[in-house]
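To start, the structure itself, in structure tokens.
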Amino acid sequence: MQTVVNKVSYLKGETEVAPDKSISHRTVILSALAEGRSRVKNFLEAEDTWSSCKCLQALGLTIQKQDKELIIDSPGIDALQEPARVLDCGNSGTTMRMLAGLLAGRPFMTVLSGDDSLNQRPMQRVITPLSMMGANFMARRGNYPPLAVQGGQLQGIEYHMPVASAQVKSALLLAGLQAEGVTAVLEEHASRDHTERMLMAMGAKLEVKPGQVRVIPGAKLSPQDWEVPGDVSSAAFWLVAASIVPNSEVLLKRVGINPTRTGILEVLKQMGARITVLDAQTIAGEPVADLLVQSAPLQAVEIEGEIIPRLIDELPVIAVAMTAAQGVSVVRDAAELRVKETDRIAAICSQLSRMGAAIEATPDGFIVDGSKSHIQGGTVDSFGDHRIAMSLAVAGLIADQSTYINNAEAVNISYPGFWDTIKILSR
Ligand code: S3P
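Note that my numbering has the sequence shown beginning at 638, numbered continuously upward.
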């Protein structure tokens, strides 16, 4: 599907952004551990999270929508069933990698597969440590899905993660809960910690220190009532759009502001953005606030190191902010972007260049000369990647001419209401 985006003269009003995708996946996957009924308010109803639901149903959970809640009934971890068919994880890396960890400790065989994008994404990062714990895996060239896992009795390990990845950390915690002995996961830079927060709420014994999580198996986990905050990764599109579209003022309601996710707020503020955090509170163990964003002139920025995992998914839309900022911006240490739903460094650099940006790819990031960028519009492609589609749409809001985005339906992976929200905020 092709969607056209035109320049707007302002963005105004308030909106609830899409519910958090990472937390929504986890409500379903973690509920499998605890026998009984879990309930989820504000579950993200999008393609990615339906993939998690379908996989968990095939493993023996009952999942239904009742009024506005998702109701999840689990037979408990020990009663999960061997699925008779391949589990389809769709486009979702979080589903496949977290399930690899959950299933590593189950005494049966499961095959996990996905769409063309997911089946080209690396799985060695979970296969290696989970095999050290005692599970058996088969994968194409040892790295790519379909991924077959034969689970069994696991042993705890101490594992230093070579790349900061919440998906890998979560897989190891799920396996560690089923292992004999303690599992310790060490990370150089902090990745998102939703799994740790949620497992602790369920009663799991976890020791969390900066750079290290230890899971002590044996605790009985109980089902929960969850409430999912708005996704800061979805809010990111409006944070950038309302900053760069003149005369804008947008209030984003109930957005998750977990510090492992808010690198985008720090970077935009450093660039000169006018963002105010209002009414901060804690909901179901996660910090949440309203974010007020008003247009502002932006300055170039350099980002690297510790902050990268805390804004990894926002880098494509940060690139758009950089095209509207005075001076030369640089992103380093973000080679992980090359193994997301698409090679996001290649995708955002090639497509923003087509639109008139002065942006150049580097092996681990990009360089943007905002002073030499002039967004004109044109025909671009999301390559089926939801965050590329939405980032290009944000660029289209300041383009001189129309922007035609091919494969625009990719937004349904994480943010089905995205196009409607543009219309509402710009009318
Ligand atoms: C996610 C972790 C990140 C992120 C992805 C969601 C999660 O991936 O990019 O969109 O829910 O744990 P990595 O763990 O590969 O860094």
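Note that beta-carbon positions come from the ideal geometry of N, C-alpha and C, so glycine has one too.
A quick note: this is a predicted structure, and the numbers were derived from the prediction, not measured.
Shown here for Gly964: same chain residues with a beta carbon closer than 7 angstroms to its own, the five before and five after excluded, namely Gln936, Ala937, Gly1007, Ser1008 in chain order.
Distances between the C-beta of Lys702 and the heavy atoms of the ligand S3P are all 8 angstroms or more. Here Pro866 is buried, its C-beta having at least 16 other C-beta atoms within 10 Å. Rounded to the nearest whole angstrom, the CA to CA distance from Cys726 to Lys649 is 37 angstroms.
If you compare the alpha carbons of Val642, Ile660, Ala671 with that of Pro924, the shortest gap goes to Ile660. Selection Ala878, Glu943, Ala821 evaluated against Gly900 yields Glu943 as nearest (Cα-Cα).
Of the residues assessed, Ala917 falls on the exposed side of the cut-off, its CB having fewer than 16 other CB atoms within 10 angstroms. Among the bridge pairs identified by DSSP, Ala821 is matched with Glu795, Arg851. Each of Glu844, Lys846, Arg663 was checked against the Cα of Gly738, and the nearest Cα belongs to Arg663.
Runs of the beta strand (DSSP E) lying entirely within the region 864-922 and spanning at least 3 residues, in chain order: 886-893, 911-920. As a beta-bridge residue in DSSP terms, Met775 pairs with Ala785. Taken atom to atom, the span from the alpha-carbon of Ala971 to that of Leu948 is near 10 angstroms. Lys857 carries a coil assignment under DSSP once its states are collapsed to helix, strand and coil. Between Leu876 and Ser1028, the alpha-carbon positions lie close to 11 angstroms from each other.
Secondary structure within the region 684-751: the alpha helix (DSSP H) runs of 4 or more consecutive residues, fully enclosed, are 684-695, 730-741 (chain order). Here Val845 is exposed. Its C-beta has fewer than 16 other C-beta atoms within 10 Å.
The DSSP-derived three-state label of Leu670 is coil. Partner residues in a beta bridge of Asp1057, as assigned by DSSP, do not exist. Annotated three-state conformation of Thr979 is coil, per DSSP. Three or more pairs of CB atoms, one per stretch, sit closer than 8 angstroms, so the region 777-787 contacts the region 751-760.
For the options Ala655, Ile1042, Val645, the alpha carbon positioned closest to that of Ile1050 is the one of Ala655.
When only Cα atoms are considered, Met837 and Val954 end up about 33 angstroms apart.
Under the three-state reduction of DSSP output, Val654 falls in the coil class, being neither helix nor strand. The Cβ atoms of Met992 and Ala956 do not sit closer than 9 angstroms to each other. In the DSSP annotation of this structure, the continuous segment of the beta strand (DSSP E) that includes Lys842 starts and ends at 842-846.
Taking every protein chain shown into account, the CB of Lys705 has fewer than 16 other CB atoms within 10 angstroms, so this residue is exposed. Using a Cβ distance threshold of 9 angstroms, Leu791 and Thr747 do not count as a contacting pair.
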